[in-house]
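Engineer: This structure is in structure tokens; I'll ask about it shortly.
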Amino acid sequence: MTDTPPLALVTGASSGIGFELARGLTERGYEVVIAAEDGRVLDAVAFR
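Using the numbering used here, the first residue of the sequence shown is number 12, and each one after it goes up by one.
Below you can see the structure in the form of structure tokens.
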């Protein structure tokens, strides 16, 4: 076993279900990679 956290890729993470899923996964200790059509929105989401 390693001490690295699990990794998740969430698409549509700029709002709605994708955003909430990404947030929930980070609260549970996951490393989360987020993706969405509008990269500018992702910059703001990444800092929330």
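Even glycine gets a Cβ: it sits at the ideal position worked out from N, Cα and C. Since we're looking at a predicted model, the values are computed, not measured.
For residue 19, which residues in the same chain have their Cβ closer than 6 Å to its Cβ, ignoring the five residues on either side in sequence?
Structural biologist: Translated into positions along the sequence shown, residue 19 becomes position 8. Taken in chain order, the residues that qualify are 36, 41 and 43.
Engineer: Who are the near neighbours of residue 21 in its chain, counting only those whose CB is closer than 8 Å to its CB and skipping five residues on each side?
Structural biologist: Numbered from 1 along the sequence shown, position 10 holds the residue referred to as residue 21. Only 29, 32, 33, 36, 43, 44, 45 and 46 meet the Cβ criterion.
Engineer: Pick helix, strand or coil for residue 38, following the three-state DSSP scheme.
Structural biologist: Sequence index remark: in the sequence shown, residue 38 carries index 27 (1-based). Of the three classes helix, strand and coil, the one that applies to residue 38 here is helix, per DSSP.
Engineer: Using beta-carbon positions only, say whether residue 25 and residue 53 come within less than 8 Å of one another.
Structural biologist: Translated into the one-based positions of the sequence shown, residue 25 becomes position 14. Translated into the one-based positions of the sequence shown, residue 53 becomes position 42. Yes.
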